[in-house]
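Data block below; observations after.
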Amino acid sequence: ASYINYVLNVNTELHFRTKLFFMGTLFHLYFDIDIALEISSGTGQHVSHSAKAFPNLATYHIVIFFFLFFYCSIESYRQYHKLQNVKAPIYLDVSQSWENWGGIQTKSCDLIVNINMMHISPLGLLNGVGKILKPQGLLLTYGPYAFNGSITPQSNADFDHSLRYRNPEWGLRDVSILKTLGQGNGLRLEVDMPANNKCLLFHKDSVV
13 ASYINYVLNV
23 NTELHFRTKL
33 FFMGTLFHLY
43 FDIDIALEIS
53 SGTGQHVSHS
63 AKAFPNLATY
73 HIVIFFFLFF
83 YCSIESYRQY
93 HKLQNVKAPI
103 YLDVSQSWEN
113 WGGIQTKSCD
123 LIVNINMMHI
133 SPLGLLNGVG
143 KILKPQGLLL
153 TYGPYAFNGS
163 ITPQSNADFD
173 HSLRYRNPEW
183 GLRDVSILKT
193 LGQGNGLRLE
203 VDMPANNKCL
213 LFHKDSVV
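Numbering (my numbering), first residue to last: 13 to 220.
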C-alpha cells in the first residue's frame, strides 16, 4: 500500500493547503502502510477516500463517541462504496487502557490517524498509541493546538474557553507538552505545520 490520501471535506483555500500538506507529509515520510487505524472517525468520509484510493490497504475504522449517527454514517459509507478493506466501525474509549481497545493487538498498526480529538483526550490516546503502533509506525493528528502557552486566533481561544467551561480537563493542548508526552510513550514528534489548525506527525521508536 502507499501513503494514506486523506481528503478534508472543506473548501476554503486554507484548508486546501492543509489537505495538500496532510497528504504530502505521508508521501515523503512513509510509503509502506498496510494496516491503518482511524480513531475518532466522524462521518466516515475520510476513510472512504483513503480506502478507494488504496484498495490494498487494510483499514480499521474506530469511533470513540457513543453517537448512533456516526456509527450509521460510517457504516453507510462503507456499504455504499463497497469498501472491502474497511472493517466495520466499533466503539472505543481511549481513556481506557489499550487492552480494552476492541481487541487491537500490540504493535499491529503502521499508521494511526486522529482528527480533532486531542483537545479532549491526549493522555489516553498517546498511551495507547505507544503500545499498538509497530516500530517506525506513525501517529498523524490534526486539530487546534496551543504553542508555548499561546492560543491564536481568537476563535481558537474561544473554543478552548468553551471546552474548559464544560470540563476542566479539556482544552487545547500545548504542542510542547504533547511532545513530552509522546516521548514518554516512545513517540517522537517529527513534523508540525504552522497554521491555525496543526498537523502533528509522531514517529514510533524502533525499540520501545
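The C-beta atom is built at its ideal place from N, Cα and C for all residues, glycine as well.
Predicted, not measured: the structure shown is a model, and the values here were computed from it.
In the three-state scheme derived from DSSP, where H, G and I count as helix and E and B as strand, Ser85 is classed as helix.
When the alpha-carbon of Asp105 is set against those of Glu202, Ile116, Lys216, the nearest one is in Ile116.
For the options Ser109, Ile86, Gly155, the alpha carbon positioned closest to that of Pro101 is the one of Ile86. Residue state for Glu111 is assigned as helix, using DSSP reduced to three classes. With respect to the 7 Å criterion, Tyr154 and Leu184 are not classified as neighbours on the basis of their beta carbons. Distance between Glu111 and Asn160, taken at the CA atoms: about 33 Å. A residue is called buried when at least 16 other Cβ atoms come within 10 angstroms of its Cβ; Tyr89 meets this threshold and is buried. DSSP, reduced to helix, strand and coil, places Gln117 outside both helices and strands of the structure shown, so it counts as coil.
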